[in-house]
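Q: Residue numbers (this note's numbering), protein chains in the order written: chain A, 7 to 236; chain B, 7 to 236.
Pasting a structure here, questions to come.
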DNA sequence: AAATGTTTTAGACGCATGTTTCAATCGCCC
DNA sequence: GGGCGATTGAAACATGCGTCTAAAACATTT
């Protein structure tokens with residue numbers, strides 16, 4: 007028999023605890039989550055392990071949040087920037103990133119990462135406030151850069167803020183209010199809201215609102231509301 | 007001395023408990039809220055009052071949610087419908103209603119009503135799931151009616167859903183992510199986001215996206231992104 | 001094989017929670 | 001004024017929580 011058969015071999019219990027804690031915290035929140043349930047889901051038979059590996063429950067929570075913050079979103083924001091593309095295409099790239107990395111559960115990463123982060127963003131706790139702030143800032147700064155380039159110079163900073171909230175709000179709503187959306191359209195249709203569909207819709211909606219053409223970086227638009235089938 | 011001077015005269019302790027419970031539940035959530043803090047904030051010196059007037063903590067929570075659901079939003083949705091106005095004006099009326107009654111704290115009603123409702127909508131609990139569902143349904147049905155009239159007939163139902171989520175998402179984001187917004191623009195600027203400002207921006211943004219004119223119920227639009235100061 | 005540092009186990013601890021109990025008090029009607 | 005239901009008061013209850021302690025089991029090195 008292979009020597010890595012017994013349960014606690016390669017996958018250190020510390021990492022299993024972090025994984026399980028992330029899931030439970032994301033589902034139930036800090037207070038409703040119990041260390042006993044976390045240990046049970048991690049397959050750890052004793053609850054003292056949390057105090058052994060992590061100091062206490064609060065530190066465990068902060069650690070899971072730190073882990074979730076190390077998302078691939080960061081690297082994408084920094085590296086894969088399409089510098090040469092038209093402004094409308096940059097906006098599509100940004101919206102696609104938000105939808106793919108935050109809104110929808112990606113196959114590469116477990117879904118509790120962004121669930122937990124959203125929880126901290128909508129209801130910040132003293133424990134993870136800082137972490138969540140440092141997570142969300144670069145997102146808006148990236149969007150600002152794109153919008154500054156896309157819009158006329160005389161657009162006020164306040165208007166720019168409102169526009170960015172309109173765009174980010176559209177994206178985030180599909181994660182934050184996913185229970186409401188499921189209620190309205192049913193689980194079946196919600197499953198058809200994949201990354202491509204949402205990105206296409208929100209980009210189209212926003213570009214028309216801003217008068218951005220999809221081909222060049224001009225500021226005039228061509229309208230005509232034909233949604234059609236998809 | 008007047009006979010209604012003592013603290014527990016006209017304002018029944020039951021109502022003070024409901025009010026206090028609503029505030030605490032809205033701020034901290036069901037689990038983090040304690041009956042002792044609720045009683046303290048209500049000025050009730052003994053904690054058994056909660057089990058006396060309301061059966062238990064869960065029922066108290068459901069009762070506060072029921073109270074919050076009886077919002078003036080309902081009456082407005084049913085009665086003050088501007089039937090004769092242009093479709094763009096109907097959309098502005100709807101957005102204005104959402105912003106005023108849900109997003110911003112109105113003077114007429116305490117702010118915990120919608121705080122609590124948003125909490126239940128974003129993270130539904132078995133206790134209040136039904137109440138929250140019955141609250142949000144009419145909102146979307148009203149928006150559907152407006153959009154159906156405003157958009158061409160060949161717009162698919164799925165597209166209509168996506169559009170409605172784009173509009174509602176823009177509005178709700180200012181309540182759900184108000185901590186993020188405060189972080190981004192600062193508390194000072196956030197205070198300038200009054201009902202009029204938000205309604206105007208979201209209406210303009212959405213009407214342009216849909217190609218709706220602001221005067222007639224036509225489907226052509228006139229663009230030119232001039233934000234300017236407000 | 002012995003020693004040493006690391007991890008796991010079992011159990012108990014103190015504390016805060018929601019709930020219950022029962023007596024005391026108040027308001028009101030006959 | 002006495003009787004009586006409704007309300008309030010104070011204390012105690014059981015339970016579940018996060019944390020701690022100390023010994024056992026394990027792994028690794030000497």
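Even glycine gets a Cβ: it sits at the ideal position worked out from N, Cα and C.
Give, in chain order, every unbroken run of the beta strand (DSSP E) that is at least 3 residues long and sits entirely within the region 15 to 59 of chain B.
A: Within the region 15 to 59 of chain B, no complete beta strand (DSSP E) run reaches 3 residues.
Q: Can you round the beta-carbon distance between residue 55(A) and residue 45(A) to whole angstroms, since I take them to be within the 8 Å contact cut?
A: Yes, they are in contact, since the Cβ atoms of residue 55(A) and residue 45(A) sit about 6 Å apart, within 8 Å.
Q: Count the other CB atoms within 10 Å of the CB of residue 176(B); is the residue buried (16 or more) or exposed (fewer)?
A: It counts as buried.
Q: Taking beta-carbon pairs under 7 Å, can you tell me which members of the region 23 to 46 of chain B lie near chain A?
A: Cβ contacts with chain A come from 35, 37 and 38.
Q: For the candidate residues 167(A), 133(A), 162(A) and 161(A), whose alpha-carbon lies nearest to that of residue 149(A)?
A: Of the candidates 167(A), 133(A), 162(A) and 161(A), the one whose C-alpha sits nearest the C-alpha of residue 149(A) is 167(A).
Q: Using a C-beta to C-beta distance shorter than 7 Å, which residues of chain B count as neighbours of residue 176(A)?
A: Residues of chain B passing the Cβ test: 172, 175 and 176.
Q: Whose Cβ in chain B lies nearer than 7 Å to the Cβ of residue 89(A)?
A: Residues of chain B passing the Cβ test: none, with the nearest at roughly 23 Å.
Q: Using a Cβ-Cβ cut-off of 7 Å, state whether residue 67(A) counts as contacting chain B.
A: Answer no: the Cβ-Cβ gap between residue 67(A) and chain B never drops below 7 Å.
Q: Looking at the unbroken alpha helix (DSSP H) that takes in residue 6(B), where does it start and where does it end?
A: Given that chain B is displayed from residue 7 to residue 236, the structure contains no residue 6(B) and the question cannot be resolved.
Q: Drop a sphere of 10 angstroms on the beta-carbon of residue 63(A), count the other beta-carbons inside from all chains shown, and report buried for 16 or more, exposed for fewer.
A: Burial call: buried.
Q: Taking Cβ positions, are residue 156(A) and residue 209(A) nearer each other than 7 Å?
A: Result no, Cβ atoms of residue 156(A) and residue 209(A) do not sit closer than 7 Å.
Q: Which whole-angstrom value describes the C-beta separation of residue 185(B) and residue 130(A), a residue pair presumed to lie in contact below a C-beta threshold of 8 Å?
A: Contact flag correct, Cβ pair sits at about 5 Å.
Q: With distance defined between alpha-carbon atoms, name the residue in 188(B), 211(B), 21(B) and 114(B) nearest to residue 172(A).
A: The option with the nearest alpha carbon to residue 172(A) is 211(B).
Q: From residue 191(A) to residue 161(A), what distance separates their C-alpha atoms?
A: Going from the Cα of residue 191(A) to the Cα of residue 161(A) covers about 37 Å.
Q: Within 10 Å of its beta-carbon, does residue 143(A) have 16 or more other beta-carbons around it, so buried, or fewer, so exposed?
A: Label assigned to residue 143(A): exposed.
Q: Can you tell me where the alpha helix (DSSP H) with residue 192(B) in it begins and where it stops?
A: It spans 184 to 196 - the alpha helix (DSSP H) in which residue 192(B) sits, taken as one unbroken run.
Q: With a threshold of 7 Å between beta carbons, is residue 205(B) in contact with chain A?
A: No - not a single Cβ of chain A is within 7 Å of the one on residue 205(B).
Q: If you draw a straight line from the C-alpha of residue 128(A) to the C-alpha of residue 183(B), how long is it?
A: Each residue's Cα considered, the two are about 5 Å apart.
Q: Take the Cβ of residue 90(B) as the centre, count every other Cβ of all protein chains shown within 10 Å, and call the residue buried at 16 or more, exposed below.
A: Exposed, since its Cβ has fewer than 16 Cβ neighbours within 10 Å.
Q: Using a Cβ-Cβ cut-off of 7 Å, state whether residue 188(B) counts as contacting chain A.
A: Cβ-Cβ to chain A under 7 Å: no for residue 188(B).
Q: Do residue 32(A) and residue 139(A) have their CB atoms nearer than 7 Å?
A: Contact: no.
Q: Indicate whether at least one CB of chain B lies closer than 7 Å to the CB of residue 71(A).
A: Not an interface residue.
Q: Which residues in the same chain have their Cβ closer than 8 Å to the Cβ of residue 146(B), if we skip the five residues on either side of it in sequence?
A: Within the same chain, residue 146(B) has close Cβ partners 170 and 174.
Q: Here's a check: name, in chain order, each residue in its chain whose Cβ is nearer than 8 Å to the Cβ of residue 73(A), leaving out the five neighbours to either side.
A: These residues qualify, in order along the chain: 24, 28 and 119.
Q: Would you say residue 130(A) reaches chain B, if we count a Cβ-Cβ gap shorter than 7 Å as a contact?
A: Judged by the 7 Å Cβ criterion, residue 130(A) is in contact with chain B.
Q: Does residue 22(A) pass the burial test, meaning 16 or more other C-beta atoms within 10 Å, or should it be called exposed?
A: The residue is buried, with at least 16 neighbouring Cβ atoms inside 10 Å.
Q: Using only the alpha-carbon positions, how far apart do residue 151(A) and residue 180(B) sit?
A: Rounded to the nearest angstrom, the two C-alpha atoms are 22 Å apart.
Q: Quick check on residue 51(B): buried or exposed, where buried means 16 or more other Cβ atoms within 10 Å of its Cβ?
A: Exposed, by the Cβ-count rule.
Q: Could you tell me which chain A residues have their CB closer than 9 Å to the CB of residue 179(B), listed as they occur along the chain?
A: Under the 9 Å cutoff, chain A gives 171, 172, 174, 175, 176, 178, 179 and 182.
Q: For chain A, find out if any of its Cβ atoms is closer than 7 Å to the Cβ of residue 167(B); answer yes or no.
A: At least one chain A Cβ lies under 7 Å of residue 167(B).
Q: To the nearest angstrom, how far is it from the Cα of residue 70(A) to the Cα of residue 57(A)?
A: Approximately 15 Å between the Cα atoms of the pair.
Q: Buried or exposed: which applies to residue 49(B), given that a residue is buried once 16 or more other Cβ atoms fall within 10 Å of its Cβ?
A: By the neighbour-count rule (16 or more Cβ atoms within 10 Å), residue 49(B) is not buried but exposed.
Q: Might you give, ordered along the chain, the residues of its own chain that have their beta carbon closer than 8 Å to the beta carbon of residue 42(B), omitting 5 neighbours on each side?
A: If we look at residue 42(B) and ignore the five residues flanking it on each side, its Cβ neighbours are 53.
Q: By DSSP, does residue 112(A) sit in helix, in strand, or in coil?
A: Looking at residue 112(A) - three-state DSSP - the assignment turns out to be coil, as it is neither helix nor strand.
Q: When the distance is taken between beta carbons, is residue 105(B) closer than 7 Å to residue 201(B)?
A: Yes, these two residues count as a Cβ contact at 7 Å.
Q: Could you round the C-beta distance between residue 134(A) and residue 67(A) to whole angstroms and report it? I think they count as a contact, below 8 Å.
A: Residue 134(A) to residue 67(A), Cβ: 7 Å. Contact.
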